[in-house]
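Enquirer: In the numbering used here, the protein residues as written are 3 to 105.
Mind having a look at this structure? Questions to follow.
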Amino acid sequence: MVLALVALMWGGVAVASAVTARHRAQAAADLAALSAAYRIAAGHAAACGTADYVATAMGARVADCAVDGLDVQVRTTVAVPTVGPATGPASAVARAGPVDPAP
């Protein structure tokens, strides 16, 4: 009985760690994409450099930064703290750019 309770608690902690990492990755992607879009006028390198700086400051890593005109898409990853078997990193994608005009 006690073993089952411990296993259930361990599973809950593992799921909570994964969900928290996913939320951190999404927050970092969102802010990194917005900051890159702000710097797009300075060029692709400056925009993606800013995205990398912001994501790193938030504890994430930029896995990909793509600029297409005035649109920027950033994919970030965050390591999931392991409580048992190793899992892969949590990742998220965010896009920032101008809103298309209404028809």
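Glycine included, C-beta positions come from ideal geometry on N, C-alpha and C.
Can you tell me where the alpha helix (DSSP H) holding D54 begins and where it ends?
Expert: Indexing the sequence shown from 1 puts residue 54 at position 52. Per DSSP, D54 belongs to the alpha helix (DSSP H) from 46 to 59.
Enquirer: Nearest-angstrom Cα distance between A49 and A6?
Expert: Locating residue 49 in the sequence shown gives position 47, counting from the first residue. Locating residue 6 in the sequence shown gives position 4, counting from the first residue. Each residue's Cα considered, the two are about 50 Å apart.
Enquirer: How is V82 classed by DSSP in three states: helix, strand or coil?
Expert: Position 80 of the sequence shown, counted from the start, is the residue given in the question as residue 82. If DSSP states are grouped into helix, strand and coil, V82 belongs with coil.
Enquirer: At a cut of 8 Å, does the stretch 50 to 69 reach the stretch 25 to 32 through at least three beta carbon pairs?
Expert: Taking 8 Å as the limit for Cβ pairs, the verdict is that the stretch 25 to 32 does touch the stretch 50 to 69.
Enquirer: Quick one: give me the first and last residue of the alpha helix (DSSP H) that D32 is part of.
Expert: For the purposes of this step, residue 32 is taken as residue 30 along the sequence shown, with counting starting at 1. Counting along the chain, the alpha helix (DSSP H) containing D32 begins and ends at 4 to 40.
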